[in-house]
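Beneath this line is the structure, given in structure tokens, with notes to follow.
Number of protein chains: 2
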Amino acid sequence: MAPEMSRPGGRTARVRAAVLAAAGDALIELGLPGLDLAGLARRAGVGKTTVYRRWGTVAAVLEDLVSDMVETSAPRADTGDLDDDLLANAGLVRSTLTDPRQGRLLTALICAAVDDAGTARALRRFYDARTAVWEPCVTDAVARGDLPADTDAAAVVRAVSAPLYHQLLTRGEQPGVADARRAALVAAAAARAGAFAAPVSAGARRTS
Amino acid sequence: MAPEMSRPGGRTARVRAAVLAAAGDALIELGLPGLDLAGLARRAGVGKTTVYRRWGTVAAVLEDLVSDMVETSAPRADTGDLDDDLLANAGLVRSTLTDPRQGRLLTALICAAVDDAGTARALRRFYDARTAVWEPCVTDAVARGDLPADTDAAAVVRAVSAPLYHQLLTRGEQPGVADARRAALVAAAAARAGAFAAPVSAGARRTS
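Following this line, the structure appears as structure tokens:
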């Protein structure tokens, strides 16, 4: 058996890694309108026929790029404490957004998704998958009795990310350690106060 | 005195309105790389010389577009109640993001700002100005004794917007009335819990 057939890290995996890296680079440099399969093959140093046969469309490459981002993402924290778990989540989001390549790739994908429904669907799957990975931090806190039973776990996890993305996208400012810390503790405090009750209802409002 | 010199709504204002509307349209349709002064003049039905003399660069047109967005934005709510003020703010952000033109213009500006420092500066001035308009909702609540004295008012106001922008940009989902309601009440609950203490410190963490 040839070596490349005996392990998943063989030629097929190398071709995929090269084409996905080329797609990320091209998206960052040129935006979605600058992507075409022949250009990606050239950039990746891979035969055009291979790229056409394996992916067929730029949309399929982008879907695969996003799938790869899901596969290679960090697992959730499991410290046994809601604050510490959400602090770990906020730290991961911050380090992803401030990573020169990952941050630019995410903003490029977000902007490509504005005008392209396929990219938007793929990106939504990516964020939903990442949210689902971290939801147990919240459901475990509910099980421990640290949060109200009707807490919307996905909404809490998204609330940790939201201010960090907002800061980067609306103010062009890289979120810092203090911003990540606040994002986590704001989400945790609001969750304890019952403001993430699901479904959203008047019950989330204070009763003074 | 000629009519156009006697009132601000005269020819000069009409030319400005036409050029800024054209710039918004072009930005939505083509993105920043598609903008040039001659094209904007044509689109606006205004003489090219007028546009070159008045603005000189595409960057200056975009700065003026953002200034106009600040000038024409709604004033803050002043209900005497933090929850109601933040609910009004969240409702305004939601209706802006879901407005077919305003929402697309803001996402187009956000994406243009990713690659262009001038647009990024102008956009940041826009968001900082809008935040400043709504900050008194928080400082008034502090003065009433409804919030801790060291509450970071700007951070609370930004926290209302953040999940609505995040929902639109990462999930391609228009924020609904329930989302706006939750965004406001989460920010208010976290502010009451002291999670927006400024500067961010370990004091925001629960002391259990």
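As they're listed, the protein sequences go chains A and B.
Heads up, the first sequence is in UniProt numbering, so the first residue is 1 and it goes up one at a time.
Heads up, the second sequence is in UniProt numbering, so the first residue is 1 and it goes up one at a time.
All C-beta atoms, glycine included, are put in the ideal place defined by N, C-alpha and C.
Item	Value
Residues in its own chain within less than 7 Å of A:Ala-188 by CB, not counting five upstream and five downstream?	Leu-82, Asp-83, Leu-86
Could you spell out the range, first to last residue, of the alpha helix (DSSP H) harbouring B:Asp-36?	Note, B:Asp-36: premise wrong, no alpha helix (DSSP H); not H, not E.
In chain A, which residues lie less than 9 Å from residue 211 of chain B when you measure between Cβ atoms?	Outside the displayed range of chain B (1 to 208) lies residue 211 of chain B, so it cannot be described from this structure.
With A:Leu-97 as the anchor, note down where its alpha helix (DSSP H) starts and where it stops.	82 to 98
If you draw a straight line from the C-alpha of B:Trp-134 to the C-alpha of A:Ala-18, how long is it?	48 Å
In the structure shown, what three-state DSSP assignment does B:Ala-77 receive?	coil
Buried or exposed, going by whether 16 or more other CB atoms sit within 10 Å of the CB of A:Asp-116?	buried
Please classify B:Thr-131: does DSSP put it in a helix, a strand, or coil?	helix
Quick check: A:Gly-39 and A:Ala-26, are their CB atoms within less than 8 Å of each other?	yes
Taking Cβ-Cβ distances below 7 Å as the criterion, which residues of the region 124 to 150 of chain B are in contact with chain A?	Arg-124, Tyr-127
Once DSSP output is grouped into helix, strand and coil, what is the label at A:Thr-72?	coil
From this set, A:Val-66, A:Ala-149, A:Val-51, A:Ala-113, which residue's C-alpha is nearest A:Phe-196's C-alpha?	A:Ala-149
Please determine, among A:Arg-76, A:Gly-47, A:Ser-161, A:Ile-28, the residue with the shortest C-alpha to C-alpha distance to A:Arg-181.	A:Ser-161
Are the region 68 to 81 of chain A and the region 74 to 81 of chain B in contact at 8 Å, needing three or more beta carbon pairs?	no
Given that a residue counts as buried once 16 or more other Cβ atoms are within 10 Å of its Cβ, and exposed if not, what is B:Arg-192?	buried
Under 8 Å, do B:Asp-36 and B:Val-66 count as touching if we go by C-beta distance?	no
Verify the CB distance criterion: does B:Leu-40 have a CB-CB separation below 8 Å to chain A?	no
So, does the CB of B:Ala-195 fall closer than 8 Å to a CB anywhere in chain A?	yes
At 9 Å on the CB atoms, spell out the chain B contacts of A:Thr-79, in chain order.	By Cβ distance, chain B contributes nothing, its closest Cβ being about 14 Å from A:Thr-79, past 9 Å.
Buried or exposed for B:Gln-174, going by 16 or more other Cβ atoms inside 10 Å?	exposed
Measuring straight from C-alpha to C-alpha, what distance separates A:Asp-146 and B:Ala-183?	22 Å
So is A:Thr-79 buried or exposed if we call it buried at 16+ other beta carbons inside 10 Å?	exposed
Put B:Thr-57 into one of helix, strand or coil per three-state DSSP.	coil
List, in order along the chain, the chain A residues whose C-beta lies closer than 7 Å to that of B:Pro-107?	The residue asked about is misnamed: residue 107 of chain B is Thr in this sequence, not Pro. Residues of chain A passing the Cβ test: Val-114.
Name, going along the chain, the residues of the region 177 to 196 of chain A whose beta-carbon falls closer than 8 Å to a beta-carbon of chain B.	Ala-178, Asp-179, Arg-181, Arg-182, Leu-185, Val-186, Ala-187, Ala-188, Ala-189, Ala-190, Arg-192, Ala-193, Gly-194, Ala-195, Phe-196
Starting from the Cα of A:Thr-96, find the closest Cα among A:Arg-14, A:Thr-12, A:Leu-168 and give me that residue.	A:Leu-168
With a 10 Å radius around its C-beta and 16 neighbouring C-beta atoms as the bar for buried, classify A:Val-177 as buried or exposed.	exposed
Alpha carbon to alpha carbon, how far is A:Gly-118 from A:Trp-55?	14 Å
Would you call the CB atoms of residue 279 of chain A and A:Thr-151 closer than 8 Å?	Residue 279 of chain A cannot be examined here, being either before or after the span of chain A that is shown, 1 to 208.
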